[in-house]
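Numbering (full-length UniProt numbering) for the sequence shown: 1 to 477.
Ideal Cβ placement from N, Cα and C applies to all residues, glycine included.
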Amino acid sequence: MRYISTRGEARSVDFEGALFSGYAPDGGLFMPQEIPTLDYNTLRTWSAFSYPELVKELSSLFISSELIPRKELNDLIDRAFRRFRHKNVVHLARLKNGLNVLELWHGVTYAFKDLSLSCTGQFLQYFLKKRKKHITILVGTSGDTGSSAIESVRGENNMDIFVLLPKDLCSQIQELQMTTVIEENVHVFTAHGNCDEIDELIKELFADADLSRKHNLMSLNSMNWSRIMVQIAHYFHAYFQCTPFMDMTPLPTVEIVVPTGGGGNITAGYIAQKMGLPIQLVAVVNNNDIMHRAIQHGDFSFSGSVKPTLASAMDIQEPYNMERILWLLSDCDGSLIKTLMEQFYTSKNLTLPEELHRKLSEVLSSCSASDEDIVQAMRRCWEENRYLLCPHSAVAVHYHYKQLDCHLSNRPRCCLASASAAKFPDAVLRAKLVPEVPPEIQALNAMETRSTTLRREDDWARTLRDRIEAIAKRRHT
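In structure tokens form, the structure reads like this:
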């Protein structure tokens with residue numbers, strides 16, 4: 001399996017090359033040259049597999065056995081999931097009125113990103129030990145990515161990780177999960193800005209070819225293909241758990257509702273769909289609704305500044321993984337995608353070509369949820385089920401209740417739950433509910449913290465470059 005850029009001008013790479021990249025050299029995102037398709041018999045066989053087994057099967061389709069032999073691949077994935085609290089790694093909560101909630105948050109940081117990043121961390125170590133090299137990881141976070149990335153690589157002497165988080169725009173617990181990690185290879189920066197501004201900074205650093213080459217820069221944001229690849233398993237597992245039967249052709253369709261920010265998870269869902277999984281995808285956003293407007297009206301444009309919401313990890317106006325979806329829908333037309341994305345990033349304004357918008361609206365549905373919608377979904381779920389939702393998961397459940405109340409669809413549906421409510425006690429209190437905070441999260445408040453502040457007036461890029469250089473120099477003395 002080879003990987004090519006969505007903008008068509010970078011040379012192809014193997015899985016290792018895609019893993020150790022940020023953006024492709026031409027500014028695009030790496031994608032597999034071909035998406036494998038699965039037949040009915042394969043789907044029936046896979047329907048009996050556990051979540052870890054599905055990750056292994058899917059990963060083996062995208063990672064050649066010459067790079068990672070199958071037995072070693074299986075061992076890496078088993079090792080990745082050892083720290084998960086649930087014996088099945090993920091868990092489906094079957095609640096009243098057809099509400100199925102797939103809990104993807106049983107990892108160390110109580111967020112779904114632990115699933116893909118724990119595997120990605122293992123893949124990194126596998127190659128680093130073989131190549132005897134050191135890497136520098138840059139991560140921008142809206143809340144959960146940073147702590148999951150830190151946990152996947154903390155304490156490792158062959159990698160340094162630089163995490164940038166937006167000041168006061170994450171929950172206190174999310175911030176503490178990053179700033180309380182006191183390790184030589186972990187460097188946390190608190191920026192007086194929003195997530196999109198942080199993403200722009202990271203793009204600028206990756207565009208510095210000398211810096212990237214000298215320090216082996218890479219990213220663990222969802223621009224990294226490895227994360228998308230592992231997340232494809234969410235959809236197969238959700239489908240097999242929620243489909244009423246597997247013994248008919250064609251197989252029944254299951255609707256999967258996805259809280260959507262940067263678009264990595266919904267991209268994985270679309271790839272699962274292209275592989276032959278009979279799912280209908282719904283991207284649900286908060287008041288930062290660029291994905292919703294693109295799907296409904298073809299309007300892929302900024303709508304002013306980022307709006308702070310209860311679902312803070314989704315407060316994003318530049319869902320960069322949309323580039324991958326548009327590339328697939330355009331029949332992998334790198335030239336077209338390059339033109340469209342350059343226009344978007346230059347003007348912050350893009351109307352999708354009519355044909356591309358038509359295709360997008362055929363494969364994705366969408367919905368937006370206000371803070372009041374989020375609070376109402378959290379309260380209703382508690383009142384009907386005694387089940388606490390995090391505000392991001394509540395965005396998906398809001399869609400379910402909307403469909404239920406309007407009698408719009410009776411097909412099986414699964415809502416992806418991206419984080420535990422334990423990480424968002426303020427949102428739980430806003431819904432007039434009582435937070436349930438486990439001891440390991442409570443303990444964060446008493447721990448030492450360490451981070452560097454990036455003020456508005458600072459030159460963020462210079463600060464990061466200087467710190468990267470200083471740490472590299474210290475490592476070599």
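Contacts around residue i, its chain only, beta-carbon distance under 7 Å, and the 5 residues preceding and following it disregarded
i, result
"E318", "D196, D199"
"H400", "L99, V257, R413, C415"
"I173", "K423, I441, L444"
"G298", "T351, L352, H357"
"H392", "P259, A311, A313, M314, S418, A419"
Whole-number beta carbon distance between residue j and residue i, since they are thought to touch under 8 Å
i, j, result
"M275", "A283", "Contact doesn't hold; Cβ gap of about 19 Å is too wide."
"V397", "L408", "About 15 Å; that fails the 8 Å criterion."
"K473", "R7", "Wrong, their Cβ atoms sit about 34 Å apart, outside the cutoff."
"W46", "S418", "Not a contact, Cβ separation roughly 23 Å."
"R79", "G107", "Not really, about 13 Å apart at Cβ, beyond 8 Å."
Environment of residue i [buried if 16+ CB atoms lie within 10 Å]
i, result
"E184", "exposed"
"T145", "buried"
"A443", "exposed"
"T249", "exposed"
"F245", "exposed"
"T109", "buried"
"A207", "exposed"
"S210", "The sequence given here places Asp at residue 210; Ser does not occur at that position. Exposed."
"S305", "exposed"
"T453", "exposed"
"H237", "buried"
"C406", "exposed"
"Q33", "exposed"
"H215", "buried"
"R227", "buried"
"P69", "exposed"
"E255", "buried"
"residue 482", "This structure does not reach residue 482, given that the chain is present from 1 up to 477, and the question cannot be answered."
"A427", "buried"
Contact set for residue i: own chain, Cβ-Cβ below 8 Å, skip 5 residues either direction
i, result
"P308", "L169, D315"
"L329", "L356, K359, L360, V363"
Cβ pair residue i, residue j closer than 8 Å
i, j, result
"S451", "F49", "no"
"L19", "N224", "yes"
"M218", "I150", "no"
"N88", "Y51", "yes"
"E448", "T180", "yes"
"L29", "M229", "no"
"G22", "Y3", "no"
"T260", "R324", "no"
"S303", "S142", "no"
"V375", "R430", "yes"
"G121", "S147", "no"
"R455", "H187", "no"
"N321", "G269", "no"
"L54", "A233", "yes"
"S116", "Q231", "yes"
"L128", "M159", "yes"
"E72", "H91", "no"
"I279", "Y235", "yes"
"F123", "F62", "no"
"L56", "N74", "Here residue 56 turns out to be Lys, not Leu, going by the sequence shown. Contact: yes."
"L239", "L277", "According to the sequence provided, residue 239 is Tyr. The question's Leu does not apply to it. In this structure, L277 lies closer than 8 Å to Y239 by Cβ."
"S5", "G334", "yes"
"C119", "I77", "yes"
"L38", "L251", "no"
Close-in-space but distant-in-sequence residues of the same chain around residue i (CB under 6 Å, 5 per side omitted)
i, result
"G155", "E183"
"E384", "K96"
"I202", "L138, G140"
"M341", "E323"
"R379", "A431"
"D371", "T309, L310"
"C367", "V284, Y399"
"V101", "A93, C415, A417"
Mind listing, in chain order, the continuous alpha helix (DSSP H) runs of no fewer than 4 residues lying wholly within the stretch 338 to 420? 354 to 363, 371 to 385, 391 to 405
Write down every uninterrupted run of the beta strand (DSSP E) in the stretch 34 to 102 whose length is 3 residues or greater and which is fully enclosed by it, in chain order. 91 to 94
Runs of beta strand (DSSP E) lying entirely within the stretch 235 to 271, each at least 3 residues, in chain order: 254 to 259
Can you check the stretch 182 to 234 for any beta strand (DSSP E) of at least 3 residues that lies completely inside it and give the ranges in chain order? 186 to 191, 217 to 219
Please give me, in chain order, every unbroken run of the alpha helix (DSSP H) with length at least 4 that falls completely inside the stretch 121 to 190. 144 to 153, 172 to 179
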